[in-house]
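Student: Input: one structure, supplied below.
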Ligand code: FE
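In the numbering used here, the protein residues as written are 79 to 315.
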């Protein structure tokens, strides 16, 4: 399916607001699993991170949400649901692109395909929601997710879809990318190595070529997987 064929910015997402309220009421927001390996480093995120240069304050490039977005993702940190793959922590910082200040309380919505290139709910059983989730940014503007390294599907380089909501408005729709060399290393492992010769790589992807370099995650090895991070500059609307 062609992700370029469909580009829509949702103005509001009342349903998500409802879901969040429900999860908060049920204690879902407090049920976050522990991230022993990902101690928040004050100097690398939020305002201090901007000041230290660790967080770059630039407007995150808008990119198509593609055909696989579902607006009923659960508020949860661990979106893995037992899916096999190289462990990946996503540390996504939301900053105001004009003031460079961290934005607390933004809803960050992520979704990506599994190691076999399949999106839950759309290409699998309708009720599946694996590898989809929503987190609210903390005081440093950080939303953390625990997931697996995405697989790939024909026509696209490896990517994670992201949407940022503030006050019921979508303020950013983008895609996050991976350095090819890191993906090569991850894909030498199981189960990715059952599907060799991914195509295209970053340079051959026409969506990546429109700002992908600025939305490429920084990856650091951690245990058997990676911790990835990026700051997304958004304009409050
Ligand atoms: Fe996609």
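Just so it is clear, CB atoms sit at the ideal spot from N, CA and C, and this is done for glycine as well.
Under DSSP, the beta strand (DSSP E) around residue 263 begins and ends at which residues?
Tutor: Run containing residue 263: none in the beta strand (DSSP E); it sits in the alpha helix (DSSP H), 258-265.
Student: Output yes or no for whether 8 Å exceeds the beta carbon distance between residue 138 and residue 170.
Tutor: no
Student: What's the C-alpha gap between residue 312 and residue 135?
Tutor: 9 Å
Student: Looking only at its chain, what residues have a beta carbon closer than 6 Å to the beta carbon of residue 219, apart from the 5 residues adjacent to it on each side?
Tutor: The residues are 124, 171, 172, 173, 180, 181.
Student: Can you grab the Cα-Cα spacing for the pair residue 157 / residue 283, in whole Å?
Tutor: 26 Å
Student: Can you find a heavy atom of ligand 1 that lies under 7 Å from the Cβ of residue 144?
Tutor: In this structure, residue 144 has its beta carbon less than 7 Å from a heavy atom of ligand 1.
Student: Helix, strand or coil, according to DSSP, for residue 271 in the structure here?
Tutor: helix
Student: By Cβ distance below 6 Å, which residues in the same chain neighbour residue 290 in space, the five residues on each side in sequence not counted?
Tutor: Once the five neighbours on either side are set aside, the close Cβ partners of residue 290 are 255.
Student: Using a Cβ-Cβ cut-off of 6 Å (strictly less than) and excluding sequence neighbours within five positions of residue 288, which residues of its own chain qualify?
Tutor: None.
Student: Can you tell me the Cα-Cα spacing of residue 278 and residue 235, whole angstroms?
Tutor: Residue 278 and residue 235 have their C-alpha atoms roughly 5 Å apart.
Student: Would you say the beta carbon of residue 273 is closer than 7 Å to some non-hydrogen atom of ligand 1?
Tutor: For residue 273, the shortest separation between its Cβ and any heavy atom of ligand 1 does not lie below 7 Å.
Student: Going by DSSP in three states, residue 280 sits in which element: helix, strand or coil?
Tutor: Assignment of residue 280 by DSSP, reduced to helix, strand and coil, places it in the helix class.
Student: Rounded to a whole number of angstroms, what is the C-alpha to C-alpha distance between residue 307 and residue 204?
Tutor: 31 Å
Student: Short of 6 Å in beta carbon distance, which residues of its chain neighbour residue 260, apart from the five on each side in sequence? Order them along the chain.
Tutor: Within the same chain, residue 260 has close Cβ partners 297.
Student: Name the two residues that bound the continuous beta strand (DSSP E) containing residue 238.
Tutor: 237-244
Student: Quick check: residue 265 and residue 200, are their CB atoms within less than 8 Å of each other?
Tutor: no
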